[in-house]
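Trainee:
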Amino acid sequence: MRKWIFLALVLMLVIPAALLVYLSQETRQLSGIVRDAATQQPLEDVLLRIGGDLTATNAPGEYTLPLPRGKFWLAAEADRYAPAQVEVDATNLLSRTLTLDLTLSLNRVSGVVRDAETSVPLPNAQVVLGDKTAVSNAQGFFEARGVSNNAPIAANVLGYLPVTTTFTGQTELDLALAKEVAAMGFDEIQFDYVRFPGKVGNVYYSVPYTEDSRIAAIAGFLARAQKELRPTGVFISADVFGLTTATEDDQHTGQRLRDLGPYLDYVSPMVYPDTWVNAQDLLLNGLGIPNCTEAVRCPYEVIFNSYKRAAEKTTTKVRPWLQAYMGRGDFGVEQYRIQKKAATDVGSAGWMFWNGTGNYDPKLFEPRK
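Letter 165 of the sequence shown, counting from 1, is numbered 164 in numbering that gives the first Met the number 0, and no numbers are missing.
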């Protein structure tokens with residue numbers, strides 16, 4: 000009888016190490032050099048991002064970015080290296096220039112190959128990680144360094160059915176379609192349903208199903224989408240569950256704003272009041288809205304406070320989806336317009352209405368000038 004095996008993976012991320020600040024009165028900017036943590040050699044084509052500004056290092060590993068005021072995250076990523084982020088506080092910076100030198104470490108992927116039924120470790124399993132190969136030891140442990148980002152991973156043991164932990168085939172289709180649409184002249188690609196199914200039962204995952212693994216999968220896809228779509232000139236966005244604005248966890252979806260934001264130009268929480276069912280605790284403690292037990296009865300506060308919380312979690316521009324369908328109760332045009340006013344009042348980077356049938360009442364919008 001052929002047996003099944005499963006593969007447990009651990010992705011080790013190394014946080015940037017060196018930080019150097021010097022004083023100058025030149026143009027206000029952020030610059031530095033990115034190096035390999037082990038060899039200290041400069042790294043070319045490392046993508047660095049602050050909010051909506053993106054650049055890549057040159058051959059000597061140098062980069063320059065506009066320097067915003069306030070607190071922000073500088074994100075860095077390169078193929079075969081673990082992505083890294085560092086928070087910089089430029090709120091009270093007196094100088095015109097900030098220098099930030101980063102080091103990136105090669106991706107290290109490790110795990111244990113076990114019998115799926117008995118959990119007994121399996122030695123001599125051949126594990127293929129993209130163009131890297133590892134063999135498990137007597138305890139079933141394997142390790143490989145310098146693994147390409149989003150590399151397909153498969154394991155094979157004599158007498159067992161082979162197993163793979165990749166779904167890159169679908170990723171390839173999604174990105175190919177996005178590139179095709181961009182080539183047609185569309186100026187933005189928004190990814191929908193970029194998530195895990197939530198807290199459900201009777202589902203078997205071939206890798207540990209944890210918050211970290213879920214977030215890594217979603218962020219990894221968006222990072223690759225950013226890298227491959229950036230040359231086309233399109234803006235990149237994604238919608239996320241509205242409840243993610245009020246929580247610090249991923250709600251079992253893999254969507255956590257602070258982790259996904261660095262790879263997007265816009266993030267669009269679907270903050271439809273109709274979806275905040277039995278969410279009194281989140282309305283009060285998550286969004287800070289007192290005396291609101293039913294979200295459809297206080298649409299202005301839901302939209303206004305959702306945006307504020309989202310903006311606290313990411314420096315990426317937030318452009319919410321608003322409810323344009325009846326849903327529960329008497330939610331109609333008046334409530335639709337109240338949402339729009341809240342989004343405008345709070346200073347969101349625009350807004351979008353959603354109606355599943357595609358029917359939008361003209362009263363939703365201002366007369367054309």
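Note that CB positions come from ideal geometry on N, CA and C, so glycine has one too. Remember, predicted model here, so these are calculated numbers, not experimental data.
1) So, helix, strand or coil for Lys307, using DSSP?
2) For the candidate residues Arg27, Ser30, Leu46 and Gln40, whose alpha-carbon lies nearest to that of Val229?
3) Relative to the C-alpha of Leu256, which candidate in Ala310, Leu283 and Gly287 has its C-alpha closest?
4) Given a cut-off of 8 Å, decide if Ile214 and Arg194 are closer than it, judged by their beta-carbon atoms.
5) Take the Cβ of Ser347 as the centre, count every other Cβ of all protein chains shown within 10 Å, and call the residue buried at 16 or more, exposed below.
6) Work out the CA separation of Ala294 and Ala77 for me, nearest whole Å.
7) If we ignore side chains and look at the alpha-carbon of each, how far apart do Lys339 and Ala181 end up?
8) Could you give the DSSP three-state label for Tyr21: helix, strand or coil?
9) Over what stretch of residues does the beta strand (DSSP E) that includes Ala83 continue unbroken?
10) Buried or exposed for Arg34, going by 16 or more other Cβ atoms inside 10 Å?
11) Less than 8 Å between the beta carbons of Tyr80 and Asn106, yes or no?
12) Among Gln254, Leu121 and Gly184, which one has its Cα closest to the Cα of Gly158?
13) Whole-angstrom Cβ separation of Val126 and Ala137, contact assumed at under 8 Å?
14) I believe Asp264 touches Ile235 by the beta-carbon criterion, under 8 Å. Please report the beta-carbon distance rounded to the nearest angstrom.
15) Using a threshold of 8 Å, state whether the C-beta atoms of Gly349 and Arg318 are closer than that.
16) Cα separation between Tyr292 and Phe141?
17) By DSSP, does Phe220 sit in helix, in strand, or in coil?
18) Could you check what DSSP says for Asp344 in three-state terms: helix, strand or coil?
19) Could you spell out where the beta strand (DSSP E) holding Arg34 opens and where it closes?
20) Helix or strand or just coil, what does DSSP make of Gly110?
21) Could you round the C-beta distance between Val266 and Thr315 to whole angstroms and report it? I think they count as a contact, below 8 Å.
22) Can you tell me whether DSSP reads Thr170 as helix, strand or coil?
23) Got a sec? Which residues, its chain only, sit under 7 Å from Leu128 by beta carbon, not counting five neighbours each side?
24) Hey, is Asn284's beta-carbon within less than 8 Å of any beta-carbon in chain C?
25) Assess, as a yes-or-no matter, whether the segment 276 to 284 is touched by the segment 248 to 262 under the definition of 3 or more beta carbon pairs within less than 8 Å.
26) State the start and end residues of the unbroken alpha helix (DSSP H) segment that holds Leu105.
27) For Val156, which residues in the same chain have their Cβ closer than 8 Å to its Cβ, ignoring the five residues on either side in sequence?
28) Can you name, in chain order, every residue of its own chain whose Cβ lies under 7 Å from the Cβ of Pro361, other than the five neighbours on each side?
29) Among Phe303, Gly219 and Ala224, whose alpha-carbon lies nearest the alpha-carbon of Ile188?
30) Assuming Glu210 and Leu174 make a contact with CB atoms under 8 Å, what is their CB distance in whole Å?
31) Measuring only the C-alpha atoms, how far is Val345 from Phe303?
Mentor: To lay it out plainly:
1) helix
2) The sequence given here places Arg at residue 229; Val does not occur at that position. When each option's Cα is compared against that of Arg229, the closest is Leu46.
3) Ala310
4) no
5) buried
6) 42 Å
7) 29 Å
8) Low confidence applies to Tyr21: its pLDDT is 33, below 50, so where it sits in the model is not reliable enough to give any reading.
9) Ala83 to Asp88
10) buried
11) yes
12) Leu121
13) About 15 Å separates the two Cβ atoms, so there is no contact after all.
14) 5 Å
15) yes
16) It should be pointed out that residue 292 corresponds to Thr in this sequence rather than to Tyr. Taking the straight line from one Cα to the other gives about 52 Å.
17) helix
18) helix
19) Gln28 to Asp35
20) strand
21) 5 Å
22) helix
23) Val108, Ala143, Val146, Ala150 and Ile152
24) As a matter of chain content, chain C is missing from the structure shown, which is built from one protein chain.
25) no
26) Premise fails: Leu105 is in no alpha helix (DSSP H) and is neither H nor E.
27) Ile4, Val112, Leu121, Asn123, Ala124 and Gln125
28) none
29) Ala224
30) No, Glu210 and Leu174 are not in contact; Cβ-Cβ is about 25 Å, not under 8 Å.
31) 6 Å
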